[in-house]
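A short worksheet on the structure shown next.
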Amino acid sequence: MLLEICANSIESALNAQNGGADRIELCSHLEADGLTPSHGLIKLTRELLQIPVYVLIRPRAGNFVYSKMEMELMKEDIRHCAEMRCNGVVIGCLNEDRTINEYQTAELLECAGFMDVTFHKAFDQVPNPFEALETLKEIGVQRILTSGTAPTALEGLDTIGELIEEAEGEMIIMPGGGVRPNNLERLFETGATEYHSAAIPKNENTTSIEMVRELKELLRRSNNAL
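Going by UniProt numbering, the sequence shown opens with residue 1, and the numbers climb by one from there.
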């Protein structure tokens with residue numbers, strides 16, 4: 001099983017790698033639930049890390065309903081990620097009624113080219129997650145990051161499991177949202193193969209190497225038990 005760490009700085013990214021993370025999602029401004037990192041941060045992270053780097057593409061805080069100008073900005077950021085040879089991008093576009101914006105999602109997917117595409121936790125705002133899953137499957141998105149439409153992945157455990165069954169192996173459903181060493185083993189009940197965590201201790205703002213190592217050890221033990 002794979003561990004993705006949400007990193008909001010060079011220090012967090014290096015801590016994630018040194019702790020044994022398999023991949024990072026690079027962002028900035030976690031206090032706003034994550035925004036697109038600067039081009040400089042993307043470039044330096046790619047230079048310093050050997051593990052895959054996925055970049056969050058979100059130009060502002062607030063909702064996930066984007067204007068034409070915001071779409072052009074996101075496309076430009078995605079092109080920069082491609083130039084830096086990032087491994088993936090993380091996107092999320094909704095309509096006013098919170099359903100998936102199929103046109104914008106498909107546009108960004110096409111812009112991503114060779115990079116993997118994850119649909120982020122905007123997914124947890126949709127009125128019907130199973131319809132949204134089918135929509136994203138048809139568009140060709142590779143992965144959904146979700147807490148099962150609940151505040152945390154643990155609270156959405158049952159829905160996450162149902163989404164994984166519904167996906168039928170055609171796309172990856174990755175639990176995220178409050179994932180910590182003290183609840184990761186419960187989340188194994190979903191059957192997920194990838195897990196997402198910031199691994200930031202309470203009252204801190206940087207990824208903890210120790211927490212990443214603990215998460216990885218739990219995943220290793222589970223893999224060995226299979």
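Beta carbons are placed, not taken as given, at the ideal position from N, Cα and C, and that holds for glycine.
>> Short of 8 angstroms in beta carbon distance, which residues of its chain neighbour Arg79, apart from the five on each side in sequence? Order them along the chain.
In response: In the sequence shown, residue 79 corresponds to position 79, counting from 1. Answer for Arg79: Cys111, listed in chain order.
> In or out: Asp77 buried (at least 16 other Cβ within 10 Å) or exposed?
Replying inline: As a first step, residue 77 must be located in the sequence shown, where it is residue number 77. Looking at its Cβ environment, which holds 16 or more other Cβ atoms inside 10 Å, Asp77 is buried.
> What separation, rounded to the nearest whole angstrom, lies between the Cα atoms of Lys216 and Gly176?
Replying inline: Here the question's residue 216 lines up with position 216 in the sequence shown. Here the question's residue 176 lines up with position 176 in the sequence shown. Going by the C-alpha atoms only, they are around 15 angstroms apart.
>> Per the DSSP calculation, Asp116 is bridged to which residue(s)?
In response: Counted from its first residue, the sequence shown places residue 116 at position 116. According to DSSP, Asp116 bridges with Gly88.
> Taking the C-alpha atoms as reference points, what is the distance between Ile5 and Ala132?
Replying inline: The sequence position of residue 5 within the sequence shown is 5, counting from 1. The sequence position of residue 132 within the sequence shown is 132, counting from 1. C-alpha separation (whole angstroms): 25 angstroms.
> Would you say the segment 13-22 touches the segment 36-56, given that touching needs at least three Cβ pairs under 8 angstroms?
Replying inline: With a cut-off of 8 angstroms on Cβ pairs, the segment 13-22 is in contact with the segment 36-56, counting three or more such pairs.
> DSSP puts Val55 in a beta bridge; with which residues?
Replying inline: For the purposes of this step, residue 55 is taken as residue 55 along the sequence shown, with counting starting at 1. Its beta-bridge partners are Leu26 and Val89.
> Name the DSSP bridge partner or partners of Gly176?
Replying inline: Counting from one through the sequence shown, the residue named residue 176 turns up at place 176. Beta-bridge pairing links Gly176 to His196.
> What are the partner residues of Arg213, as DSSP defines its beta bridges?
Replying inline: On the sequence shown, position 213 is the one that residue 213 refers to. By DSSP's assignment, Arg213 forms no beta bridge with any residue.
>> Between which residues of its own chain and Asn101 is the CB-CB distance below 7 angstroms, once the five residues before and five after are set aside?
In response: Numbered from 1 along the sequence shown, position 101 holds the residue referred to as residue 101. So the list reads Cys93, Leu94 and Asn95, once near-sequence residues are dropped.
> Measuring CA to CA, which of Leu44, Met69 and Asp33 is closest to Arg85?
Replying inline: Along the sequence shown, one-based indexing puts residue 85 at 85. Of Leu44, Met69 and Asp33, the residue nearest in Cα terms is Leu44.
> How about Arg180 and Ser197: do their beta carbons lie closer than 8 angstroms?
Replying inline: What you label residue 180 is simply residue 180 of the sequence shown in a count that begins at 1. What you label residue 197 is simply residue 197 of the sequence shown in a count that begins at 1. Against a cut-off of 8 angstroms, the Cβ pair of Ser197 and Arg180 comes out as a contact.
>> Suppose you measure from the CA of Gly113 to the CA of Gln142; what does that come to, to the nearest Å?
In response: Here residue 113 is taken as the residue at index 113 of the sequence shown, counted from 1. Here residue 142 is taken as the residue at index 142 of the sequence shown, counted from 1. Taking the straight line from one Cα to the other gives about 13 angstroms.
>> Measuring straight from C-alpha to C-alpha, what distance separates Glu70 and Thr149?
In response: Locating residue 70 in the sequence shown gives position 70, counting from the first residue. Locating residue 149 in the sequence shown gives position 149, counting from the first residue. Roughly 25 angstroms separates the two Cα atoms.
> Which residue comes first and which comes last in the beta strand (DSSP E) that contains Leu35?
Replying inline: Start at 1 with the first residue of the sequence shown, and residue 35 comes out as number 35. Element bounds for Leu35: n/a, residue is neither H nor E.
>> Alpha carbons only, please: which of Leu109, Gln104, Met1 and Asp97 is nearest the one belonging to Gly88?
In response: Counting from 1 along the sequence shown, the entry for residue 88 is found at position 88. That would be Leu109, whose Cα lies nearest to the Cα of Gly88.
> When the Cα atoms are used, what is the spatial distance from Tyr66 to Glu134?
Replying inline: The count along the sequence shown starts at 1 and reaches residue 66 at position 66. The count along the sequence shown starts at 1 and reaches residue 134 at position 134. C-alpha separation (whole angstroms): 22 angstroms.
>> Using a Cβ-Cβ cutoff of less than 8 angstroms, which residues in the same chain neighbour Gln104 once the five nearest sequence positions on both sides are dropped?
In response: For the purposes of this step, residue 104 is taken as the residue at position 104 of the sequence shown. Correct list, in chain order: Tyr66, Met71 and Cys93.
> Is it buried or exposed for Glu204, if we count other Cβ within 10 angstroms and need 16 for buried?
Replying inline: By 1-based counting over the sequence shown, the position of residue 204 is 204. Classification for Glu204: exposed.
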